[in-house]
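Residue numbers (my numbering): 14 to 650.
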């Protein structure tokens, strides 16, 4: 059951008494127990492009005087193409750009302040400067692109330093190096004709930059090279190419060579789709109202990590996570020696908004400052276990310890966290009796088609794009006079048949070539229409369809225990019997599985209405991929 259906089910069940849905499920399913639930779903790692992760681009451009200006491209076609590239890139709100030009030395041409900008005026003005050659600083000091790489690195490092850790894990850096000749002079430490030494220094610079980006926890770096073969002698260009190919390889980027300016086109700069790929890392389910103990789950009505019995012993409120309303949850106050019944104002939290939870992990920003975790990361140590769960279970939330066995019972900490059992006690019987049971199938990397959301054609939401749809720019058209919609596929010149909107809802819009026998291999889109929101005038809107590659997991988790909670007295106002079951899905950059990465969370509410009834009462509750939410943290310009 999805969350939309759940809201309706809760309202009906609590007011009128719910009807069961047992007839919807085959008899070979396990019998339903009101306090035990099974969840299942399919969740996929984000595609950084379609998920609009922040993107920072450095245009590193050769402006050294010589054949590039006099013979190869005197009309500055490359500058016009870069201007088009900048304007196209800035149409994506997640993109910011910097421009560095180099000749005898390197100079940041844009932005005027800071590391990156979305200001087209500054960027286009900087590009105009690249149409003018820059003279040598002295004999043999004409083209120092090593200094250019160092300038790009300074911009990237300054930007990373300005971001929170949670924003850095999402941010991708791209360097587009437009090069037209060899390094002059050779790097310090290399002889005047030591080509091998020079190439190694260039590779080392880019490798060091890529490693620095990874070490600071950013999503990744791509270093692309566009080689303008401007020397009159092809042998000179071949020598330069050999070095630049190695540089692009070290930067996990693409190398392109153009023998003439006439061969240079917009496709040369179509590089921003090549980004670091995210991979599925870990999936964890937890009912935060059931605290693991050696004897099985204990009731924790407010989900603060202290059982109701513990709170009664302490005198705190078992129905409010923060009894004294000072922005610090009761558990953290107990663990750090503060006073959970009196307002505390620790210096560490002086600059933090009371109650703020930047990463939405259930620990307030003040909590995280006090215990040392990062308030912008759900999983500070990158071991796949959310900080909140590690804190409640007494695990090491600052250092990866999933492979350890704190209680020496032969069950790893990570496995106990998955099972929602107590890693601090030898609770083997409770582990097997009450432990969650996972079945996860890795579907691998799947290629999917996805369409951009319409902006002007209000009232139309694109739900699905068929496997046969052509990637590119298609079009939706609405005719209000007849109340009809139509779809044109990017690979066709004709529009598809007109389809009546009627009372709205989900409808299929076939392309002109579609035939039912084609099935999902045909060309069509499926949309949801809200007639009241449709525009009053005839509207045609271009819609871009792109390919995205995502690793997906098919999962099912059984034996999740619900608890008879008390009604909440805090801002949630949750009713008695309310349980918050959370599904955490951790991702990591490809090749860096131990790095802290994005974590998406799906909240699945249940109501244990009575010992014999719960809502929803489905034998298996489905959790959709789109129900997983990624916390949004500040990401700069």
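Using N, Cα and C, we set each Cβ at its ideal position, and we do this for glycine too.
Remark: C-beta atoms of residue 635 and residue 627 do not approach each other more closely than 8 Å. Each residue's CA atom was taken as its position, placing residue 78 and residue 520 some 60 Å apart. For the segment 564 to 636, the continuous beta strand (DSSP E) assignments of 3+ residues that do not extend past its boundaries occur at 591 to 602, 612 to 623, 626 to 628 and 634 to 636, in sequence order.
By the Cβ criterion, the segment 336 to 348 is in contact with the segment 364 to 384, since at least three pairs of Cβ atoms, one from each stretch, lie closer than 8 Å. Note that the C-beta distance between residue 164 and residue 121 is below 8 Å. With a cutoff of 8 Å on beta-carbon distance, residue 413 and residue 385 are scored as not near each other. Rounded to the nearest angstrom, the Cβ distance from residue 538 to residue 484 is 13 Å, too far for a contact under 8 Å.
Taking C-beta separations shorter than 8 Å and ignoring five residues to either side along the sequence, the partners of residue 319 in its chain run 304, 313, 327, 329, 331, 343, 344 and 347, following chain order.
Cβ atoms of residue 509 and residue 499 come within 8 Å of each other, at about 5 Å.
The secondary-structure analysis by DSSP pairs residue 490 across a beta bridge with 499 and 553.
Taking a C-beta distance under 8 Å as the contact criterion, residue 464 and residue 556 qualify as a contact pair. Close CB contacts of residue 387 within its chain, under the 6 Å cut and outside five residues either way in sequence, are with 178 and 393 (chain order). Judged by DSSP in its simplified three-state form, residue 234 adopts strand. Taken through DSSP and simplified to helix, strand or coil, residue 100 comes out as helix. If you check the CB distance, residue 74 and residue 114 come in under 8 Å.
Shown here for residue 261: same chain residues with a beta carbon closer than 7 Å to its own, the five before and five after excluded, namely 236, 237, 238, 267 and 268 in chain order. Per DSSP, the continuous alpha helix (DSSP H) segment holding residue 428 begins and ends at 426 to 432. Restricted to the segment 155 to 185, the alpha helix (DSSP H) segments that are unbroken, complete and at least 4 residues in length are 158 to 175 and 178 to 181, listed in chain order. The C-alpha of residue 212 lies about 27 Å from the C-alpha of residue 92. For residue 379, the uninterrupted alpha helix (DSSP H) segment begins and ends at 378 to 384. The Cβ atoms of residue 127 and residue 188 lie no closer than 8 Å to each other. Spanning the alpha carbons of residue 233 and residue 166 requires a straight line of approximately 13 Å. In the DSSP assignment, residue 287 falls outside any beta strand (DSSP E) and carries neither an H nor an E. Within 10 angstroms of the beta-carbon of residue 643 lie 16 or more other beta-carbons, which makes it buried. Taking a C-beta distance under 8 Å as the contact criterion, residue 180 and residue 158 do not qualify as a contact pair. Taking a 10 Å sphere around the C-beta of residue 150, we find fewer than 16 other C-beta atoms and assign the residue as exposed. The segment 465 to 482 makes contact with the segment 524 to 540, as at least three CB pairs between them are under 8 Å. For the pair residue 316 and residue 334, the Cα-to-Cα distance works out to about 7 Å. Counting along the chain, residue 269 sits inside the beta strand (DSSP E) bounded by residues 268 to 271. Counted as a single uninterrupted DSSP element, the stretch harbouring residue 256 is not any beta strand (DSSP E) but the alpha helix (DSSP H) occupying residues 247 to 263. Classified as exposed, residue 586 has fewer than 16 neighbouring CB atoms from the shown chains inside 10 Å of its CB.
Exclusion of the five residues before and after residue 162 leaves 218 as the residues of its chain whose Cβ lies within less than 6 Å of its Cβ. Note on geometry: alpha-carbon atoms of residue 432 and residue 49 lie some 14 Å from one another. Assignment of beta-bridge partners to residue 239 by DSSP yields 191 and 269. Residue 118 and residue 286 have their C-alpha atoms some 30 Å from each other.
Every unbroken stretch of the alpha helix (DSSP H) spanning 4 or more residues and falling wholly within the segment 417 to 481 is given here in chain order: 426 to 432 and 441 to 447.
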